[in-house]
Amino acid sequence: MLKRFFVVTSFALLVFNSVAAIAQLPDFTELVEKTSPAVVKINTVQKARKSGLSQIPQDQIPDIFRDLFQQRERRQAERPVMAMGSGFVISDDGYILTNHHVIDGADEIVVRFADRREFNARIVGKDRRSDLALLKIDANNLPTLKLAQPDQLKVGEWVLAIGSPFGLDYSASVGIVSAIGRSIPTDKGENYVPFIQTDVAINPGNSGGPLFNLNGEVVGINSQIYSRSGGSIGLSFAIPASVALGVIDQLKENGEVQRGWLGVVIQDVDKDLAKSLDLDKPQGALINAVGPDSPADKGGIKPGDVIVRFDKQPIIESGDLPHVVGMLQPGKKAQVELYRQGKLKKLTVEVGRLDGEDASVATNNDGSDRLGLVVNDLSDRELGSLGLRGGVVIDQVSPDSPAEESGLSRGDVILQLGYSRIDDTDEYDQVVRELPKGTPVLIRFYRQGRAISRTIILTQ
């Protein structure tokens, strides 16, 4: 009898505890009803561009295939590219926030609300480095969402996403914050966003949509997923609201974002490096190179220094430094704490302005330039063997760069850019800095005994 009573009592306690646990779980229904009217679906149309086949010189295409290639190009030219994403209203007069990659290259942008209203949108400004874009539609008295104040989010906190995954309008998914401050370098090696990592189910189409806390505030803008299949596997990344707040103001005012520039190349400090540098533990950003006349150079930072604090912000990993520097306004004087030969030093650096896509705030990069190239000088002997008077040889071509799209390869010798003859790397660097973007530029290079002329277009 006693044993039976114990079993019944235990079962009752188990049921009670389960009910109590369920009762403690948040109810998201009110949150979804309150916030979803301000979430929008974004449809874009991009008129077809010329395919990469046109970059192949006609004399290199066998006659038997030339008509086939031309027919294929004509078919592709008639086919517009359509894409979709998400966004949300941040002011009742029609300002909408989304991802840069959602609207990049779009010729038409249509914003659709949950009540089926549709508006054509124009781009106020966009910022590739933060993957944010600000749109404007002609409307008033719109429902809006509020961005959360910085530094309020914690690991383990419940979050909810609303968006249009795979085109399924206004879908909600929930999860928790699994990490904060994730450094994810872009394909260009840039690293300016301390991403929020969550296990919320995010899929293609969710990009640009809001990530909410339980108070209905937007804590992040969904931007990326990690996946081997193309779908969610429980690793998604959002741009923090703290980053978005600064970007929005600059996009409204200037249409672009100004970032702080330090002018260094950095890497992490592991256990062995820490020991060799007389550090008590692995920490900070190790300076591998300092640009001549850069803010870091003028401020006294040297290769081999390890920065552990910048503008009063701790630098735990090397990826923390670009996050801090990039958010500072150019011209600000920042306090720097670093270790040099095992001793702590304090310096003051006036932060510069990051100009163009080829400048470096503080990042692990491959050293490539605006064209996506790393080039070197040729010796007199090498020039003589090639029968050339000058030029620079390509040592590295970055993936998906303007140079790769133009068909340049390692070992090619660049002889001319635009109307400028290229004799050495000094001339090359000067010309590349001044090249216009969005305009085809002549590039003449030497490959396997013959000179080839093509065009190259800088997108940034």
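With the working numbering, the residue at position 265 of the sequence shown is 304, and numbering never jumps.
Don't be surprised by glycine CBs; every beta carbon is placed ideally from N, CA and C.
None of these values were measured; they are calculated from a predicted model.
In its own chain, which residues sit with a C-beta less than 6 Å from the C-beta of Asp344, not counting the 5 before and 5 after it? Here residue 344 refers to the residue found at position 305 when the sequence shown is read from its first residue. Here the set comprises Ile326, Leu377 and Arg379.
Cα separation between Asn82 and Gly365? As a position in the sequence shown, residue 82 is number 43, starting the count at 1. As a position in the sequence shown, residue 365 is number 326, starting the count at 1. Near 31 Å, if we compare the C-alpha coordinates of Gly365 and Asn82.
Spell out a yes or no on whether the region 290-298 and the region 240-255 are touching, meaning 3 or more CB-CB pairs, one atom from each, closer than 8 Å. no
Please give me, in chain order, every unbroken run of the alpha helix (DSSP H) with length at least 4 that falls completely inside the region 274-337. 280-293, 310-315 and 334-337
What's the call for Lys80, buried or exposed, on a 16-neighbour Cβ count within 10 Å? By one-based count along the sequence shown, residue 80 stands at place 41. Classification for Lys80: buried.
Say whether the region 300-311 touches the region 173-188, bearing in mind that this needs 3 or more beta-carbon pairs closer than 8 Å, one atom from each stretch. no
Ordered along the chain, which non-local residues of its own chain (more than five positions away) have a Cβ less than 8 Å from that of Thr464? Mapped onto the sequence shown, residue 464 falls at position 425. Excluding residues within five positions, the ones whose Cβ falls inside 8 Å are Val414, Asn415, Asp416 and Val431.
Tell me the DSSP secondary structure of Glu396 in three-state form. Along the sequence shown, one-based indexing puts residue 396 at 357. Note that Glu396 has pLDDT 47, beneath the 50 cutoff, so the model's placement of it is unreliable and no number is given.
Jot down the residue ranges of each uninterrupted beta strand (DSSP E) in the region 414-479, minimum 3 residues, whole runs only, in chain order. 431-436 and 452-456
So for Ile142, helix, strand or coil by DSSP? For this step, residue 142 is matched to residue 103 along the sequence shown. Helix.
Buried/exposed call for Pro279, threshold 16 Cβ in 10 Å: For the purposes of this step, residue 279 is taken as the residue at position 240 of the sequence shown. Classification for Pro279: buried.
Three-state secondary structure (DSSP) at Leu360? The residue you call residue 360 lines up with position 321 of the sequence shown. Correct three-state label for Leu360: helix.
Please determine if the region 452-469 and the region 481-497 are in contact, where contact requires at least 3 C-beta pairs separated by less than 8 Å. yes
Quick check on Thr183: does DSSP put it in helix, strand or coil? Locating residue 183 in the sequence shown gives position 144, where the first residue counts as 1. Coil at Thr183, not helix or strand.
What first and last residue would you give for the alpha helix (DSSP H) that runs through Val71? Looking up residue 71 in the sequence shown gives position 32. Per DSSP, Val71 belongs to the alpha helix (DSSP H) from Thr68 to Thr74.
Express the C-alpha separation of Leu360 and Asn230 in angstroms, rounding to a whole number. Residue numbering aside, residue 230 sits at position 191 when the sequence shown is read from its first letter. Residue numbering aside, residue 360 sits at position 321 when the sequence shown is read from its first letter. Between Asn230 and Leu360, the C-alpha separation is close to 9 Å.
Given a cut-off of 8 Å, decide if Ser217 and Ala200 are closer than it, judged by their beta-carbon atoms. Looking up residue 200 in the sequence shown gives position 161. Looking up residue 217 in the sequence shown gives position 178. Result no, Cβ atoms of Ala200 and Ser217 do not sit closer than 8 Å.
In the DSSP assignment, find the unbroken beta strand (DSSP E) run with Asn245 in it and report its ends. Locating residue 245 in the sequence shown gives position 206, where the first residue counts as 1. Per DSSP, Asn245 belongs to no beta strand (DSSP E) and is neither H nor E.
Return the bridge partner residues of Asp166 from the DSSP annotation. The count along the sequence shown starts at 1 and reaches residue 166 at position 127. Partner(s): Leu171.
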